[in-house]
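There are 2 protein chains.
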Amino acid sequence: MAAFPLIERSAYQSATSIDVARCAGVSQSTVSLVLSGKAQGRVSEATQERVRECARELCYLPNVAAQTLRLGTSRAVALLVPDVTNPFFSRVLRGAQRAAQAAGYTVALVDTGRGRWEEQSFQALRAGPVDGYLLFQVTPPDELARDERVVLIETEAPNRPSVRFDIDAGATAAFEHLVELGHRRIGHLAAAWDAPTFHAREAARRRVLGDAGIDPGEQPRVTTPIGIEDAHAAAGELLATEPTAVFCDDDFIAAGLYLAARDQGVRIPGELSVVGFDDMDFARVLEPALTTVALDGERLGETAFDLLEARLAGRKPRKRVVLPAELLVRDSTAAPRR
Amino acid sequence: MAAFPLIERSAYQSATSIDVARCAGVSQSTVSLVLSGKAQGRVSEATQERVRECARELCYLPNVAAQTLRLGTSRAVALLVPDVTNPFFSRVLRGAQRAAQAAGYTVALVDTGRGRWEEQSFQALRAGPVDGYLLFQVTPPDELARDERVVLIETEAPNRPSVRFDIDAGATAAFEHLVELGHRRIGHLAAAWDAPTFHAREAARRRVLGDAGIDPGEQPRVTTPIGIEDAHAAAGELLATEPTAVFCDDDFIAAGLYLAARDQGVRIPGELSVVGFDDMDFARVLEPALTTVALDGERLGETAFDLLEARLAGRKPRKRVVLPAELLVRDSTAAPRR
DNA sequence: GTATGTGCATAATACGTATGACGTACGGGA
DNA sequence: TCCCGTACGTCATACGTATTATGCACATAC
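Quick note, the sequences are listed as chains A and B, same order. So the first sequence is numbered by the working numbering: it starts at 25 and just counts up by one. So the second sequence is numbered by the working numbering: it starts at 25 and just counts up by one.
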């Protein structure tokens, strides 16, 4: 017998409720009733036990595709992200995942490849396998823009449920911190990424500097892709303009700046103050420990899922949630020398 | 009309092939035939165009649950990981994701919560929504151990397809590097995690040190959870034994060691050489830049998916793949002082 | 005029589940 | 004897798709 691959193959094809029914000598309906716990008073206790026993023996597990088709729901949600390798996003995922698990949902992950999805990855998901969407820094295609099953993360659109950080407060605190230390020449090492979260940082910069009587248009500003090596190169360029402080859109960008400063023998914070954003794990290990704006990514993911789940359950929750962003002053910022 | 929510609701429920058929004045079979491209010579060109036009107009997308049920395949695979927040894993995910996308597959992500899944998360997946499994540092439950649809990543089991790094070569190179520099008191800051990848590091340590005439049992060794703050504490303890070099199971652990060394005024590499593992992004930004063993996580994920895909397609590929692990010597290692 | 194609499209079915509408047997009350 | 209630299950159907077998004209060949 062992020679017949068919024996082995039976392991692939899970038993169906019909197999269980045959085994227990009842109908398929009865099996379904019993195993879904809706057999109260309709099936005798003895029969129920027999069915459960057979199900156990045959390792029966309901076919999810069939369930989804029948019930019109898959208890799964999709999380769309522009780039899975961004470590900040893992926190969001973890939060969403945990909340989803608690609610009996599965999370399907899709990397949209920084906007290159243009319907593509999205098409793959629509109409079936998932009940809803969490869009992380992804602007929904028109089709989805009015869909009730979508929650926006770190993005907003008119009349859509969304979760985001109070980027404005965080960035404002960061720039005010630098101004209060006495800096007058404050650079901006900005992410070359067209997303609301970065627009908010830039807006805060213009406002705070303007209010302090510093012309924001006069301050050095260089954009760079998010990534240490890219930022390293861009930072070299920025340092040539001799700012006394630099606000970085991201901790990775700040790390690149550290490298450039090291190259040029510029001491932090003595000759250059640096502020990052996100509070990644490594921020406090940098030498000196990086002053940065802390964001609770897990809570972001968790909140987003809860919002979506409420929608799916027919409740109408608060439309927009704003989570705090807090400046963490460490050792990379100080008063300018002169 | 705008007052009727039913109008809006139509957006949720995607059009079915029957709707398209009605619109085009043909049968559902014809629609299916046309849209799946199997209508060659069976349906007139005019009708085909009409069907396609209707499908476009109604934004028709095939219901994936129905397709899965009918075809017995979902073109989706599950990636199971012990902890989504581990940044190393994001690389694996990205690699798997990219390969999957190219092959027309979707990746569903499941966080098993470090082994706490005990069938649980797994049950949720079996029998339906996915065609196969990628198990990253996760030991399969008995049920799955013989399943052909499983590929093991960074784990191995008898007669199972798997992908892993040549951890032994990497760790060996690292310890030999330290020995060659002249170190005789070499600590091990080890991950408190029962996984093959860490056993391999330990085995290499014992072998290399033994071969060099250094008793591995005499060398200081402390275990710690993976995470900078945990490692920081554990490293304090390790430094009390005054090693001249420390091998860390992970770059995050190495980062914790940097923190502890800074606390105690121990200079790297002058008084202490440090080697990490993984080559995380931040490794070369540390001061001094961290000597570490580089692993190509993306390639790991990619290879794993390809292996699984080959299985699913009925091909029988190489059972075990081993990817290189290469020592990257930077500035955190030097000869001991005396 | 009957067989033989051929070009075009449809009917019928199966995938595996959940569920509302029915059956059946039995015992008790009138 | 007839009717009804209850306890225990089953039947039939629908979800939306892919596919096999079948049908129907109409033209061609003999």
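Glycine included, each C-beta is placed from N, C-alpha and C at the ideal position. All of these numbers come straight from a predicted model, not from anything done at the bench.
Could one say the Cβ of residue i lies closer than 7 Å to chain A's Cβ atoms, at least one of them?
i: Arg323 of chain B; result: no
i: Leu93 of chain B; result: yes
i: Gln64 of chain B; result: no
i: Thr71 of chain B; result: no
i: Ala284 of chain B; result: no
i: Glu142 of chain B; result: Reliability of the predicted coordinates at Glu142 of chain B is poor, the pLDDT of 47 falling under 50, and the value obtained from them is presented with this limitation in mind. For Glu142 of chain B, the answer is no, since every Cβ of chain A falls outside 7 Å of its Cβ.
i: Ile42 of chain B; result: no
i: Pro153 of chain B; result: yes
i: Thr136 of chain B; result: no
i: Val58 of chain B; result: no
i: Asp305 of chain B; result: yes
i: Val88 of chain B; result: yes
i: Val309 of chain B; result: yes
i: Pro106 of chain B; result: no
i: Arg133 of chain B; result: The question names Arg, but residue 133 of chain B is Leu in the sequence shown. It does: the Cβ of Leu133 of chain B has a partner Cβ on chain A nearer than 7 Å.
i: Ala117 of chain B; result: Note that residue 117 of chain B is Leu in the sequence shown here, rather than Ala. Judged by the 7 Å Cβ criterion, Leu117 of chain B is in contact with chain A.
i: Ala279 of chain B; result: yes
i: Thr109 of chain B; result: yes
i: Leu30 of chain B; result: Bear in mind that the predicted position of Leu30 of chain B carries a pLDDT of just 29, short of 50, making it unreliable; the figure below should be weighed with that in mind. So, not an interface residue.
Using a Cβ-Cβ distance under 7 Å, would residue i count as near chain B?
i: Ala176 of chain A; result: Note that residue 176 of chain A is Leu in the sequence shown here, rather than Ala. Closer than 7 Å: no.
i: Ser114 of chain A; result: yes
i: Phe301 of chain A; result: no
i: Val121 of chain A; result: It should be pointed out that residue 121 of chain A corresponds to Gln in this sequence rather than to Val. True, the Cβ-Cβ gap to chain B drops below 7 Å.
i: Thr97 of chain A; result: no
i: Ile252 of chain A; result: yes
i: Arg231 of chain A; result: no
Using the DSSP secondary-structure output, state which residues sit across from residue i in a beta bridge.
i: Cys272 of chain B; result: B:Leu213
i: Ser186 of chain A; result: A:Leu176 and A:Arg344
i: Val317 of chain B; result: B:Phe301 and B:Leu351
i: Leu158 of chain B; result: B:Leu103 and B:Val175
i: Ala9 of chain B; result: Only positions 25 to 362 of chain B appear in the structure, and residue 9 of chain B is not among them; the question remains open.
Grab me the residues of residue i's own chain with a C-beta within less than 6 Å of its C-beta, minus the 5 sequence neighbours each way, in chain order.
i: Ala39 of chain A; result: Leu82 and Tyr84
i: Thr315 of chain A; result: Val299, Val353, Arg354, Ser356 and Thr357
i: Thr130 of chain A; result: Ala100
i: Val290 of chain B; result: Leu296
i: Asp287 of chain B; result: none
i: Ala124 of chain A; result: Val131 and Phe329
i: Asp254 of chain A; result: Thr248
Excluding the 5 residues preceding and the 5 following residue i in the sequence, name in chain order all residues of the same chain whose CB lies nearer than 7 Å to its CB.
i: Leu319 of chain B; result: Phe189, Asp302, Asp303 and Ala349
i: Trp141 of chain B; result: Below a pLDDT of 50, predicted positions are generally treated as unreliable, and Trp141 of chain B, at 49, falls in that range; no measurement from the model is reported.
i: Leu262 of chain A; result: Gly211, Leu213, Pro244, Val246 and Val270
i: Glu311 of chain B; result: none
i: Thr163 of chain B; result: Thr179
i: Gly96 of chain B; result: none
i: Ala79 of chain B; result: Val44 and Leu59
i: Gln72 of chain B; result: Val58 and Ala63
i: Ala359 of chain B; result: Leu205 and Gly206
By Cβ distance, which residues of its chain are closer than 8 Å to residue i, with the 5 residues on each side in sequence left out?
i: Ser41 of chain B; result: Gln52, Val55, Ser56, Leu59, Tyr84 and Pro86
i: Glu32 of chain A; result: Per-residue confidence for Glu32 of chain A stands at a pLDDT of 30, beneath the threshold of 50, marking its modelled position as unreliable; no derived number is given.
i: Arg308 of chain A; result: Leu314 and Arg354
i: Ile177 of chain B; result: Val116, Leu158, Leu159, Phe160, Gln161, Ser186, Val187, Arg188, Leu324, Gly325 and Ala328
Taking contact to mean at least 3 C-beta pairs separated by less than 8 Å, is the region 110 to 125 of chain A in contact with the region 313 to 331 of chain A? yes
With a cut-off of 8 Å, do at least 3 Cβ pairs link the region 201 to 221 of chain A to the region 270 to 277 of chain A? yes
Closer than 8 Å is the cut-off here; do at least three beta carbon pairs connect the region 226 to 238 of chain A with the region 45 to 65 of chain B? no
Alpha helix (DSSP H) segments (min. 4 residues) lying fully within the region 238 to 290 of chain B: 252 to 263 and 275 to 287
In chain order, what are the residue ranges of uninterrupted alpha helix (DSSP H) at least 4 long that sit wholly in the region 73 to 115 of chain A? 88 to 95
Counting pairs of beta carbons, one from the region 333 to 343 of chain A and one from the region 246 to 261 of chain A, are three or more of them closer than 8 Å? no
If contact is defined by three or more beta carbon pairs under 8 Å, each pair taking one atom from either stretch, is the region 191 to 202 of chain B in contact with the region 259 to 271 of chain B? Cβ pair count under 8 Å is three or more, so yes.
Just list the alpha helix (DSSP H) runs in the region 33 to 58 of chain A, keeping only unbroken ones of 4 residues or longer that don't cross its boundaries, in chain order. 41 to 48
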